[in-house]
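Below you'll find the structure, written out as structure tokens, and then a few comments.
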Amino acid sequence: MNLTRKEIKELVVLDALCFDPPINYTFRDMKLYTRHPEAVLLREYDGERLIAFCLGHADNGNIITIDVHPDHRRHGLGGKLLKTILKEFRSRGVPFAVSQIALDNLSSLTLHKNLGFEIRHILYGYYPDGSAAYQLVLPLSPDKD
Ligand SMILES: CC(C)(COP(=O)(O)OP(=O)(O)OC[C@H]1O[C@@H](n2cnc3c(N)ncnc32)[C@H](O)[C@@H]1OP(=O)(O)O)[C@@H](O)C(=O)NCCC(=O)NCCS
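Take any residue in the sequence shown, note its place counting from 1, add 379, and you have its number in the working numbering.
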């Protein structure tokens with residue numbers, strides 16, 4: 380998808396509220412990820428203000444990120460976005476959804492595990508600062524809601 384500079388900037392600004400450097404995505408990263416031919420981007424606004432988004436790639440089921448503004452957490456937005464992207468993946472016949480999550484990110488790990496994701500691997504040195512991530516996988520059956 381081809382987002383405007385303003386739209387990409389909006390995603391980058393929210394991502395910087397969700398992740399500290401060097402984990403957060405740069406403008407260039409976000410442009411590349413959103414330009415992917417099978418990018419799926421779900422956005423939630425409060426009026427004009429972007430308060431949450433989820434970005435994934437339907438060719439490999441990779442969930443790039445789920446970002447909820449700190450002022451809007453624990454109101455079900457992250458769960459809603461994750462469920463919606465999984466539904467979209469299923470409708471496109473994607474066999475597995477995959478997420479990479481920092482070992483200490485308990486909120487995201489809980490969110491994913493509640494929806495059936497299971498830890499498959501530890502990816503050592505996954506992040507730019509050298510820290511590790513869990514890789515979680517969820518098999519997607521096409522008939523499930
Ligand atoms: C992880 C994140 C997306 C969750 O978004 P959210 O809108 O707050 O999540 P929800 O309100 O939908 O929560 C759904 C469930 O996830 C779990 N959860 C969410 N935040 C949690 C926390 N801080 N501690 C423990 N469990 C948590 C709970 O089981 C929760 O259900 P409950 O509220 O009924 O107990 C949000 O905290 C965030 O943006 N974090 C920073 C960015 C990030 O880490 N993204 C994930 C990258 S993989």
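Where a beta carbon is used, it is the ideal one built from N, C-alpha and C, also for glycine.
Separation of residue j from residue i, as counted between CA atoms
{"i": "residue 429", "j": "residue 422", "result": "7 Å"}
{"i": "residue 502", "j": "residue 452", "result": "27 Å"}
{"i": "residue 511", "j": "residue 427", "result": "36 Å"}
{"i": "residue 409", "j": "residue 390", "result": "8 Å"}
{"i": "residue 394", "j": "residue 434", "result": "11 Å"}
{"i": "residue 485", "j": "residue 443", "result": "17 Å"}
{"i": "residue 396", "j": "residue 415", "result": "24 Å"}
{"i": "residue 491", "j": "residue 447", "result": "14 Å"}
For residue i: DSSP bridge partner residues
{"i": "residue 518", "result": "475"}
{"i": "residue 422", "result": "432"}
Residue i and residue j closer than 8 Å at C-beta
{"i": "residue 475", "j": "residue 440", "result": "yes"}
{"i": "residue 499", "j": "residue 479", "result": "no"}
{"i": "residue 517", "j": "residue 494", "result": "yes"}
Proximity winner among the options, relative to residue i (alpha-carbon distances)
{"i": "residue 420", "options": "448, 406 and 387", "result": "387"}
Practice task
Write down every uninterrupted run of the alpha helix (DSSP H) in the region 434-464 whose length is 4 residues or greater and which is fully enclosed by it, in chain order.
Solution key: none
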